[in-house]
Amino acid sequence: MRQRTTVMKPLHVATVAMTPDLDPQISRDRMKQIIEQTKREHPEVRLILFGETILGWFYNKDETREYHESIAETVPGHSTAFIADLARTHDVFVSFGLSEKADGKLYNTQVLISPAGEVLAKHRKFWIRNKIFTPGDKKLVTADVDGVKVAVLICADARSLALMRAIRRERVDLVLASLADYATSRKVNQLMGAFYDAWTLVANRYGQEGSILWRGLVTITDPWARLRASGMDKSQVLVHRLDIGNTPALLRWMRRLCVGFKFAGMATVLTIQLIWASMQKKLR
-15 MRQRTTVMKP
-5 LHVATVAMTP
5 DLDPQISRDR
15 MKQIIEQTKR
25 EHPEVRLILF
35 GETILGWFYN
45 KDETREYHES
55 IAETVPGHST
65 AFIADLARTH
75 DVFVSFGLSE
85 KADGKLYNTQ
95 VLISPAGEVL
105 AKHRKFWIRN
115 KIFTPGDKKL
125 VTADVDGVKV
135 AVLICADARS
145 LALMRAIRRE
155 RVDLVLASLA
165 DYATSRKVNQ
175 LMGAFYDAWT
185 LVANRYGQEG
195 SILWRGLVTI
205 TDPWARLRAS
215 GMDKSQVLVH
225 RLDIGNTPAL
235 LRWMRRLCVG
245 FKFAGMATVL
255 TIQLIWASMQ
265 KKLR
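Residues in the sequence shown are numbered from -15 upward in steps of one, following my numbering.
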């Protein structure tokens, strides 16, 4: 009997912790430098991921709405055209977040640009914490990156069980998670691989924005919930080779079972740590 083999498909990726500026043009210039340097040092990289609304600050004191209205753009628009030129020049896929204006509303949007300069995917955040933004549609957005099935989500969207089920059902190979998050737990990010049964890239922002310090935690996890690369507390680019497997259904379910046990153990440890920290705080 012929045995089914798992064919591995390599994809070199980069995920970024960047310090955005209040001025989107300065932020775009920083993105340009990062893309150029990444491709110069790692020409094999095919995909670069930037964080949520990375063209500007996430909060701007008491003027957050006015600020985002002032920097919001259409899609396609100036920034997508700017990044499209870079994507064509360097033959690379680029995903980044921006404030989008459409139909008189503001959206927290993530786009994926192809090496041909096309907007391959556009996802609007639907799990909204910053209420100046209008929630997007609760649907899964996917695209093809060199034969790899990619899903796009933004920060708190990761809490959606419906989205998690859709990603698993559609057998997504790679999840692009674009964040504006000041959390510091690598373990929490590591669990994302277990959630989605897929490789997961997390991009973020780093630096001081008014009273908020963004720690810039970026991670790469595999479908076995193993942390393959991580970094924090500086502007940086993580580069990694993903070996994407065309996993047979039986092996996929076996992996999910094993990872499920691992997830339960990690979740239990995290819960105990949180309870212990809370008890210690009350005793002080």
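Glycine is no exception: its CB is placed at the ideal position from the N, C-alpha and C atoms.
Discussion item. Give me the DSSP bridge partner(s) of Lys89.
Written reply: When beta bridges are read from the DSSP output, Lys89 appears opposite Ala86.
Discussion item. To the nearest angstrom, how far is the alpha carbon of Leu145 from that of Val221?
Written reply: Approximately 30 Å between the Cα atoms of the pair.
Worksheet item: What does a CB cutoff of less than 7 Å around Leu271 pick up in its chain, not counting 5 residues either side in sequence?
Response: Nothing about residue 271 can be reported from this structure: the residues present for the chain run from -15 to 268 only.
Worksheet entry | Element boundaries [alpha helix (DSSP H), containing Ile196] | Premise fails: Ile196 lies in the beta strand (DSSP E), 196 to 199, not in any alpha helix (DSSP H).
Discussion item. So if DSSP puts Asp227 in a beta bridge, which residue, or which two residues, is it bridged to?
Written reply: Pro(-6).
Discussion item. Quick check on the burial criterion: 16 or more other C-beta atoms within 10 angstroms. Buried or exposed for Lys171?
Written reply: Classification of Lys171: exposed, given that the 10 Å Cβ count is below 16.
Item to complete: Grab the span of the beta strand (DSSP E) containing Leu163 for me, first residue to last.
Response: Neither: Leu163 is in no beta strand (DSSP E) and is coded neither H nor E.
Worksheet item: In angstroms, rounded to a whole number, what distance separates the CA positions of Arg(-12) and Pro207?
Response: Because the pLDDT at Arg(-12) is just 44, under 50, the model does not fix this residue reliably, and the value given afterwards should be weighed accordingly. Looking at the backbone, the Cα of Arg(-12) and that of Pro207 are separated by about 20 Å.
Worksheet entry | Beta-bridge partners of Asp128, as assigned by DSSP | According to DSSP, which records beta bridges pairwise, Asp128 is partnered with Lys133.
Item to complete: Taking only the alpha-carbon atoms, compute the straight-line gap between Asp165 and Thr73 and give it to the nearest angstrom.
Response: Near 31 Å, if we compare the C-alpha coordinates of Thr73 and Asp165.
Fill in: Buried/exposed call for Gly194, threshold 16 Cβ in 10 Å
Taking a 10 Å sphere around the C-beta of Gly194, we find fewer than 16 other C-beta atoms and assign the residue as exposed.
Worksheet item: For Lys45, which three-state DSSP category applies?
Response: DSSP places Lys45 in coil when its eight states are reduced to three.
Worksheet item: In angstroms, rounded to a whole number, what distance separates the CA positions of Val29 and His(-4)?
Response: As the crow flies, the alpha-carbon of Val29 is around 5 Å from that of His(-4).
Discussion item. Please tell me whether Leu82 and Ser63 are closer than 7 Å, where the distance is taken between their beta carbons.
Written reply: Cβ atoms of Leu82 and Ser63: closer than 7 Å.
Fill in: Of the residues Met148, Leu197, Gln192, the one placed nearest Ala182, counting alpha carbons only
Out of Met148, Leu197, Gln192, the CA that lies nearest to the CA of Ala182 is found in Met148.
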